[in-house]
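These notes are about the structure you will find just below.
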Amino acid sequence: MPTLVMKFGGTSVANLDRIARASKRVAREVANGYNVIVVVSAMSGKTNELVGWVNETSELFDAREYDAVVSSGENVTAGLMALRLQEMDVPARSWQGWQVPVQTTSAHANARIEAIPTENIAAKFADGMRVAVVAGFQGISPEGRITTLGRGGSDTTAVAFAAAFDAERCDIYTDVDGVYTTDPRIASKARKLDRIAFEEMLELASLGAKVLQTRSVELAMRYRVKLRVLSSFEEPSEDAGTLVCAEEDIMESNVVAGVAYSRDEAKMTLISVADRPGIAAAIFGPLAEAGVNVDMIVQNISEEGRTDMTFSCPVDQVRRAQDAMEKAKQAGSINFHDLVADEAVAKISIVGIGMRSHAGVAAKMFATLRDEGINIKVITTSEIKVSVLIDRKYMELAVQALHDAFELEKAD
Ligand code: ADP
Ligand code: ASP
Ligand code: MG
């Protein structure tokens, strides 16, 4: 029997009614002749609540215990959906990560899936089970401890299962009806895309569009998983949602495919560090070891052998970063005059494969922000994206202005 993977995000399993509604959709695919692997998130808001409890208990928490706590939300929804399906006479069983087992690295709170042996679930399918309800976002480390895959990780669980089981398709059911040119919640003119290229989706996701976790897009691209994003609230149709696919499968596209934002960024500047060989390694080594996800980096010009080093990281890692830098200073490996944190910045990015062959896209972005009176604090570019750091209070304005400037409401 062919296999289908269906993933339901937090809002799609937010209460018992929604779990029942999602279960009906699953039952329909079973009736269509599929063995279904359902991947569920925790009920919406649950993971945030669990993360909050961890932070309240321990500021610089042990990530192994963080995982023990925050993985639990998915266990509840997996069990409840299996029960609901059983009530509908669909042979279903829940699976926690360790039972499959979903083997991951031991990078707690941000682990990567290394392998998904298919034998256990395949044996149950052979035995008559029709639905495996898998708790998303979690796995087991080589040391035998529970891990989680980073926020939004259930998407990655879903794509990884689709690859492991050679599924016909991986359907990501969420609270919007597809991938848009930007977050439809902050730009009413956002337009739904029928198709988006893996590369563009990868950039949008990694730059903050949380509709898919970055790693899930990477895996889909590598294993050529047929990945579709669609609404769990609308009636399904053949061409519903957005298909994430290879560039060759898209006929036309705009130079800029979309605008992404990341709200909770911080900009940190080490004032007056020695400008010498090895200084970047001496700063960013300890930050990496402390688990700080450094994103943009700028080194200023140096004066009299000293320079300022600026970097950005998620705002909830500022304490960790400060701690790591103070420790490095005490150990004598770096010396700086001050460490200044700006915790009220956001990152705005434009993404598009068309940028490879079109000049002037970055200049147009900068001019648009200038016209809105928005100051740019840091800029980074790559072949298919431009990102800027700005004051967080201008975030929505910047997204809308860029969406207008690049006429993203119109298809090319
Ligand atoms: P789920 O709980 O189903 O995993 P998420 O909240 O993680 O859902 O992701 C869906 C959300 O992603 C949408 O509600 C939307 O606000 C946001 N989003 C951000 N950028 C985009 C985009 N370009 N297209 C669609 N949704 C987007
Ligand atoms: N529940 C987890 C989160 O909120 C994983 C997910 O929903 O994808 O991050
Ligand atoms: Mg999500």
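Numbering (our numbering), first residue to last: 1052 to 1463.
Quick reminder that beta carbons are idealized off the backbone N, C-alpha and C, glycines included.
_F1059: first and last residue of the uninterrupted alpha helix (DSSP H) it sits in_ = As a first step, residue 1059 is located in the sequence shown; it is residue number 8 there, counting from the start. Not the alpha helix (DSSP H): F1059 falls in the beta strand (DSSP E), residues T1054 to F1059.
*Backbone secondary structure at F1212 - three-state DSSP*: Taking the sequence shown and counting its residues from 1, one reaches residue 1212 at position 161. Secondary structure of F1212 (DSSP, three-state): helix.
*Using the beta carbon as the reference atom, which residues fall closer than 6 Å to any heavy atom of the ligand MG, ordered along the chain?*
Qualifying residues come out as G1060, G1203, D1206 and K1261.
*Terminal residues of the continuous alpha helix (DSSP H) containing L1270?*
Indexing the sequence shown from 1 puts residue 1270 at position 219. In the DSSP assignment, L1270 falls within the unbroken alpha helix (DSSP H) covering T1265 to Y1274.
*asked:* In the DSSP output, which residue or residues are listed as bridge partners for P1365?
replied: As a working note, residue 1365 is residue 314 in the sequence shown. E1316, per the DSSP bridge assignment.
_Can you tell me which residues form a DSSP beta bridge with R1154?_
Within the sequence shown, the letter at position 103 stands for residue 1154. Just to set this straight, residue 1154 is Gln in the shown sequence, not Arg. Answer is A1166 and I1191.
*asked:* Between which residues of its own chain and A1379 is the CB-CB distance below 6 Å, once the five residues before and five after are set aside?
replied: For the purposes of this step, residue 1379 is taken as residue 328 along the sequence shown, with counting starting at 1. Counting only Cβ-Cβ distances below 6 Å, and skipping sequence neighbours, we find P1337 and I1385.
*To which residues of the same chain is K1318 closer than 7 Å at the C-beta, ignoring the five residues directly before and after it?*
Numbered from 1 along the sequence shown, position 267 holds the residue referred to as residue 1318. Correct list, in chain order: T1361, S1363, D1393, V1396, K1428, V1429 and L1440.
*Give the range of the beta strand (DSSP E) segment to which V1081 is assigned.*
The residue given as residue 1081 occupies position 30 in the sequence shown. Not the beta strand (DSSP E): V1081 falls in the alpha helix (DSSP H), residues L1067 to A1082.
*Using the rule of at least 16 other Cβ atoms within 10 Å of the residue's Cβ for burial, across every protein chain shown, is H1409 buried or exposed?*
By 1-based counting over the sequence shown, the position of residue 1409 is 358. Exposed is the call here.
_Cβ-Cβ separation, S1323 to F1249 (assumed contact under 8 Å), whole Å_ = Position 198 of the sequence shown, counted from the first residue, corresponds to residue 1249. Position 272 of the sequence shown, counted from the first residue, corresponds to residue 1323. The pair is not a contact, with the Cβ atoms about 43 Å apart (cut-off 8 Å).
*Quick one: any contact between the segment 1193-1209 and the segment 1141-1159, if contact means 3 or more CB pairs under 8 Å?*
These segments touch.
*In terms of DSSP beta bridges, what is Q1350 paired with?*
Your numbering for residue 1350 matches position 299 in the sequence shown. Partner(s): M1360.
*Put K1436 into one of helix, strand or coil per three-state DSSP.*
Position 385 of the sequence shown holds residue 1436. Secondary structure of K1436 (DSSP, three-state): strand.
*With G1187 and V1306 assumed to form a contact (beta carbons below 8 Å), what rounded beta-carbon distance in angstroms separates them?*
The residue given as residue 1187 occupies position 136 in the sequence shown. The residue given as residue 1306 occupies position 255 in the sequence shown. At roughly 35 Å, the Cβ-Cβ gap does not stay under 8 Å, so G1187 and V1306 are not in contact.
*CA-CA distance, L1453 and V1310?*
Looking up residue 1453 in the sequence shown gives position 402. Looking up residue 1310 in the sequence shown gives position 259. Those two C-alpha atoms are separated by around 7 Å.
*Proximity of I1167 and A1215 at Cβ, strictly below 7 Å*: Looking up residue 1167 in the sequence shown gives position 116. Looking up residue 1215 in the sequence shown gives position 164. Yes.
*Does the Cβ of R1314 lie closer than 6 Å to at least one heavy atom of the ligand ADP?*
By one-based count along the sequence shown, residue 1314 stands at place 263. Checking the Cβ of R1314 against the ligand ADP gives no.
_Alpha-carbon to alpha-carbon, I1191 and W1149_ = Counting from 1 along the sequence shown, the entry for residue 1149 is found at position 98. Counting from 1 along the sequence shown, the entry for residue 1191 is found at position 140. Here the alpha carbon of W1149 sits roughly 5 Å from the alpha carbon of I1191.
_I need the boundaries of the alpha helix (DSSP H) containing Y1117, first residue and last residue._
As a working mapping, residue 1117 is identified with position 66 in the sequence shown. In this chain, the alpha helix (DSSP H) harbouring Y1117 covers A1114 to V1121.
_Beta-carbon gap between G1203 and K1277 smaller than 7 Å_ = Residue mapping note: residue 1203 aligns to position 152 of the sequence shown, counting from 1. Residue mapping note: residue 1277 aligns to position 226 of the sequence shown, counting from 1. For G1203 and K1277, no; Cβs fall outside 7 Å.
*Apply the 10 Å Cβ neighbour rule to E1254 and answer buried if 16 or more other Cβ atoms are within range, or exposed otherwise.*
Within the sequence shown, numbered from 1, the residue matching residue 1254 stands at position 203. Buried, by the Cβ-count rule.
*asked:* Am I right that Y1231 and K1243 are in contact with their C-beta atoms under 8 Å? What's the rounded C-beta distance?
replied: On the sequence shown, position 180 is the one that residue 1231 refers to. On the sequence shown, position 192 is the one that residue 1243 refers to. Going by Cβ atoms, the distance from Y1231 to K1243 rounds to 5 Å, so yes, they are a contact pair.
*asked:* Tell me which residue opens and which closes the alpha helix (DSSP H) that D1455 is part of.
replied: Counted from its first residue, the sequence shown places residue 1455 at position 404. Taken as a continuous stretch (DSSP letters only), the alpha helix (DSSP H) holding D1455 covers M1446 to A1456.
*Round the Cβ separation of A1129 and S1145 to the nearest angstrom and send it over; I've been treating them as touching at under 8 Å.*
Counting from 1 along the sequence shown, the entry for residue 1129 is found at position 78. Counting from 1 along the sequence shown, the entry for residue 1145 is found at position 94. With a Cβ gap of about 4 Å, A1129 and S1145 count as contacting.
*CB of V1227 to nearest heavy atom of the ligand ADP: below 6 Å?*
Residue mapping note: residue 1227 aligns to position 176 of the sequence shown, counting from 1. V1227 Cβ: within cutoff of the ligand ADP.
*Pick helix, strand or coil for N1161, following the three-state DSSP scheme.*
Mapped onto the sequence shown, residue 1161 falls at position 110. Here DSSP, grouped into helix, strand and coil, assigns N1161 to coil.
*State the DSSP-derived secondary structure class of L1294, mapped to helix, strand or coil.*
Walking along the sequence shown from the start, residue 1294 turns up at place 243. Shown here, L1294 sits in a strand according to DSSP, grouped into three states.
_Is R1236 close to the ligand ADP? I mean its beta-carbon at under 6 Å from any heavy atom of the ligand._
If you number the sequence shown from 1, residue 1236 lands on position 185. Yes.
_So S1304 and I1404 are supposed to be a Cβ contact under 8 Å. How far apart are they, rounded?_
Within the sequence shown, the letter at position 253 stands for residue 1304. Within the sequence shown, the letter at position 353 stands for residue 1404. At roughly 7 Å, the Cβ-Cβ gap stays under 8 Å, so S1304 and I1404 are in contact.
*Buried or exposed: R1236, going by 16 or more other Cβ atoms within 10 Å of its Cβ?*
For this step, residue 1236 is matched to residue 185 along the sequence shown. By the 10 Å Cβ count, R1236 comes out exposed.
*Rounded C-alpha distance that separates T1199 from S1157*: As a position in the sequence shown, residue 1199 is number 148, starting the count at 1. As a position in the sequence shown, residue 1157 is number 106, starting the count at 1. C-alpha separation (whole angstroms): 9 Å.
*asked:* For the ligand ASP, I want to know if T1098 counts as a neighbour, meaning its beta carbon is within less than 6 Å of at least one of the ligand's heavy atoms.
replied: As a working note, residue 1098 is residue 47 in the sequence shown. Inclusion of T1098 in the 6 Å shell around the ligand ASP follows from its C-beta lying nearer than that to a non-hydrogen atom of the ligand.
_Beta-carbon contacts of S1313 that lie in its chain and below 7 Å, excluding the five residues immediately before and after_ = Taking the first residue of the sequence shown as position 1, residue 1313 is located at position 262. Same-chain partners within the cutoff: L1258, G1259, A1397 and K1398.
*Contact between the segment 1159-1176 and the segment 1072-1083: three or more CB pairs below 8 Å?*
No, because fewer than three Cβ pairs between the segment 1159-1176 and the segment 1072-1083 fall closer than 8 Å, the two stretches do not touch.
*At a cut-off of 6 Å, is V1412 close to the ligand ADP when judged by its beta-carbon and the heavy atoms of the ligand?*
Numbered from 1 along the sequence shown, position 361 holds the residue referred to as residue 1412. Placement of the Cβ of V1412 at a distance of 6 Å or more from every heavy atom of the ligand ADP is found.
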